[in-house]
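Written out below as structure tokens is the structure these notes cover.
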Amino acid sequence: MRLMKLRRYLRGSGRVLVFVFAASIIWLLFDMAALRVSIDDVNSHILKERMFRDREVRRQRVRVTPNVRMDFRHPVQRLDSAAARDRDRPLASDVYREGGKRGQKVNWRQVDNDLKSGNFKSVAPQHKPVNNGVISKQDAPGKKKVLNLDFGVAVANASQIQANKINLEESVAKLAKNETKSIKLESKDILPSKVKSHQEPNKDPNEEKEPLKPTADLRMGNLATAVRKSGVHKVLSLDVTHAPRDPNAVGQFGRGVILPSSEDGEVRRRWDEGHFNVYLSDQIPVDRAIPDTRPEVCSQAVVHDDLPSTSVIFCFVDEVWSTLLRSVHSVLNRSPPHLLKEIILVDDFNYLKEPLDKYMSQFPKVRIVRLKERQGLIRARLAGAAVAKGEVLTFLDSHIECNVGWLEPLLERIYLDRRKVPCPVIEVINDKDMSYMLIDNFQRGIFKWPLVFGWNALSEDYIRKHNMTVSDPIRCPVMAGGLFSIDKNYFYELGTYDSGLDVWGGENMEISFKIELRRKLKCKNFKWYLENVYPELDAPLVKAEGLVFNQGLRKCLTMLKDTLSFDMCDLNKQSQHFSYTWMRHFRQGDLCIAPQPNINSFALVSCDNTKPELRWFHRSSKSTIADHFIAEFVSHQSCLEAESRDDSLRLSPCDSNNSFQKWQFTHYNVQV
0 MRLMKLRRYL RGSGRVLVFV FAASIIWLLF DMAALRVSID DVNSHILKER
50 MFRDREVRRQ RVRVTPNVRM DFRHPVQRLD SAAARDRDRP LASDVYREGG
100 KRGQKVNWRQ VDNDLKSGNF KSVAPQHKPV NNGVISKQDA PGKKKVLNLD
150 FGVAVANASQ IQANKINLEE SVAKLAKNET KSIKLESKDI LPSKVKSHQE
200 PNKDPNEEKE PLKPTADLRM GNLATAVRKS GVHKVLSLDV THAPRDPNAV
250 GQFGRGVILP SSEDGEVRRR WDEGHFNVYL SDQIPVDRAI PDTRPEVCSQ
300 AVVHDDLPST SVIFCFVDEV WSTLLRSVHS VLNRSPPHLL KEIILVDDFN
350 YLKEPLDKYM SQFPKVRIVR LKERQGLIRA RLAGAAVAKG EVLTFLDSHI
400 ECNVGWLEPL LERIYLDRRK VPCPVIEVIN DKDMSYMLID NFQRGIFKWP
450 LVFGWNALSE DYIRKHNMTV SDPIRCPVMA GGLFSIDKNY FYELGTYDSG
500 LDVWGGENME ISFKIELRRK LKCKNFKWYL ENVYPELDAP LVKAEGLVFN
550 QGLRKCLTML KDTLSFDMCD LNKQSQHFSY TWMRHFRQGD LCIAPQPNIN
600 SFALVSCDNT KPELRWFHRS SKSTIADHFI AEFVSHQSCL EAESRDDSLR
650 LSPCDSNNSF QKWQFTHYNV QV
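Take a look at the structure:
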């Protein structure tokens, strides 16, 4: 009966269409409801995964110092008074390293176990240890005490032992990617045996992170190093010593040493030699081991195989013997030999003379440059840079200890972009017990008016916003002046240091500002000036120029009315200014001095680059007659010689002992 009613109701065609439409709407609503349920399930699953990942990231982002005071002084420079040390409160240095908790200490029991199990290995070539000067100090427990060395001297501890006149401007910095800024590089600056945090003693916060891999497909600016096809390898953890280390030596493995109370007087007596515990430093081996404090992600990072070579430059004056030797040994022991071109020691008129020469003679890669008068840090560094042969200049203070894997990460940043100026993380050497101490990795160099350099901790918000880890490079507005690497050509393109800077303290800001100003102003180089502004300028390139001094006559060469003679040296006389060009011409203006072998004399002729008979050899080799002017196209070896009787010139057979054949320009643009 009901079916019949339904048929009569749907008998009209219009009613059928209405029914079909209503059924379609109902079906569509069911589909949408089912889809909504499905989407909710997926979103719920994704949300759970995201919450889990965020929780893992927060757990892994472990910092050594959660909250360092946000002021403009390096935390290690905030020294505690004796009264503050007597109270039961954390020291400023401890707050710096542990964020209000006691400072981190190396697990030496673990180090000893590693040593017994053979984890600390060293290569022992045929050389004996040169001079460890190690004395193991033992005393009855009742006689030992922590030495109070508060002499009213502001002593800064830093991975260099800071004399109070050497401001701790070293960096805890890391590099930033593809920015023309001064930058600091995380870790890679210290040695064997893992150091674990008190917060999570059994877990490395970086062990689950993938190691950083160098980018092989970077877009460089015009000044950037072109990316070359190169293989990669894991950062080398080298620590090669001349002889096996004595595990029981004083201060070995970065341990702090508490001296017997009977030796307090000697410690105090020698304190002023370096404004740290010199007495203890002299007893610590010059090649001691220190713990490898790098995060796991840094020690597992990979770098390119064909990194540029570097010249490491130390400038020193009145430096303590033992700390200077430890600085040099740490570079020699922990640097890949194929990357370490040389170590240049610039003696800024220091007292270390013959003993240093004799000691360093056993190391072929060590060169000593001695300045004839006190020049100061800046001009001493410029003197070292002028003779450096490496592609990269690495400046280090003379009271540091480099760790394993310290060099390659610095060179990797310059390999990727030669405009980068990387600075390493700088750990701390305690000035009293010489222990190796950790610092906060999340710091950057800053300045405050009036141009006061200091360190500033990154805020938690900044770290969280950029999702930073301990291995990430950090951009710094101001670089550390004491320890950094820079491409040699880029260093000179920037104009090097201002040689008018008499003391340290402003050179770090000067280089930083030059880098940033050059980027912002889009500065052109001098070649662009010559090609676009003054293309008609005739500026011949010369190897040497200025006055020409004869060592035998003790006078300078002079040209008057197309005649050569000798006179007392005077920089104001243009007649005494000559040049030695890349075409090997000895000239003044358009006139060249030409040898005349037939009459054992010379002639003044118009310069012509096509004539080989006008050429002289001078400072072109390291032979015994390098200071001579040697005629190039003469059948027998003839040299230009000053005649003492009438102040004239002639050609004579070359004689390495003849001072009248030795010549010297006031300025050489090229060093042999």
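Numbering follows numbering that gives the first Met the number 0, with no gaps: position 310 of the sequence shown is 309. Yeah, the Cβ is synthetic: ideal placement off N, Cα and C, and Gly gets one too.
Item, Value
"Contacting residues, own chain, Cβ-Cβ under 6 Å from GLY375 (five flanking each side not counted)", "ASP501 and VAL502"
"Cβ separation of ALA384 and ILE312, assumed to be a contact under 8 Å, to the nearest whole Å", "7 Å"
"Start-to-end residues for the alpha helix (DSSP H) that takes in ASP460", "459 to 464"
"Candidates ILE428, VAL427 and ILE413: closest to ARG421 by CA position", "According to the sequence displayed, residue 421 carries Pro and not Arg. Minimum Cα distance to PRO421 is reached at ILE413."
"Contact between the stretch 479 to 493 and the stretch 507 to 515 (3+ Cβ pairs under 8 Å)", "yes"
"Range of the contiguous beta strand (DSSP E) that encloses PHE577", "576 to 580"
"PRO667: first and last residue of the uninterrupted beta strand (DSSP E) it sits in", "It is Tyr, not Pro, that sits at residue 667 in the sequence shown. Element bounds for TYR667: 662 to 667."
"Continuous beta strand (DSSP E) stretch holding VAL391: start and end", "391 to 395"
"Exposure label - TYR496; buried when at least 16 CB within 10 Å", "buried"
"Residue span of the beta strand (DSSP E) that contains TRP454, given as start and end", "451 to 456"
"Spatial distance of ARG583 from PRO652 (CA atoms)", "20 Å"
"Best match in PRO611, PHE616 and PRO596 for proximity to SER634 [C-alpha to C-alpha]", "PRO596"
"Range covered by the alpha helix (DSSP H) that runs through PHE490", "487 to 492"
"ILE343 beta carbon less than 8 Å from that of VAL327", "no"
"6 Å Cβ shell around LYS661 - same chain, five flanking residues per side excluded", "GLN550 and ASP626"
"For LYS542 and VAL234, the rounded distance between their alpha carbons", "40 Å"
"ASP281 in three-state terms, based on DSSP", "coil"
"Close Cβ partners of GLN663 (< 6 Å) along its chain, the five nearest in sequence each way excluded", "PHE548"
"Contact check, GLN575 vs THR557, beta carbons under 8 Å", "yes"
"Proximity to ASP245 [Cα-Cα], best of SER229, HIS274, ARG287 and ILE257", "ARG287"
"Beta-carbon separation (whole angstroms), ARG676 vs LEU457, contact threshold 8 Å", "The structure shown does not extend to residue 676, since the chain spans only 0 to 671, so no value can be given for it."
"Nonlocal neighbours in the same chain, by C-beta distance under 6 Å from HIS561, ignoring five residues either side", "Reading off the sequence shown, one finds Asp at residue 561, where the question assumed His. Answer for ASP561: LEU603, listed in chain order."
"The stretch 302 to 318 touching the stretch 240 to 257, judged by at least three CB pairs closer than 8 Å", "no"
"Member of LEU648, SER637, SER647 and ASN668 whose CA lies at the smallest distance from the CA of ASP654", "SER637"
"Rounded separation between LEU331 and GLU262 - CA only", "33 Å"
"Distance between HIS337 and THR393 (C-alpha atoms, nearest Å)", "15 Å"
"Burial state of PHE525 (16 or more Cβ within 10 Å)", "exposed"
"Three-state secondary structure (DSSP) of TYR435", "strand"
"Continuous alpha helix (DSSP H) stretch holding ALA382: start and end", "376 to 386"
"Cβ shell of ASN668 (< 7 Å), same chain only, five flanking positions each side left out", "VAL541, LYS542 and ALA543"
"Cβ contact (3+ pairs, closer than 8 Å) linking the stretch 396 to 408 and the stretch 290 to 300", "yes"
"Proximity winner among LYS364, ALA387, GLY494 and ASP305, relative to GLU411 (alpha-carbon distances)", "ASP305"
"Exposure of MET436, with buried meaning 16 or more beta-carbon neighbours within 10 Å", "buried"
"Cβ-based burial, HIS274 [other Cβ within 10 Å; buried from 16]", "buried"
"Within the stretch 504 to 571, ranges of the alpha helix (DSSP H) (whole runs, at least 4 residues)", "506 to 520 and 525 to 531"
"Backbone secondary structure at GLY404 - three-state DSSP", "coil"
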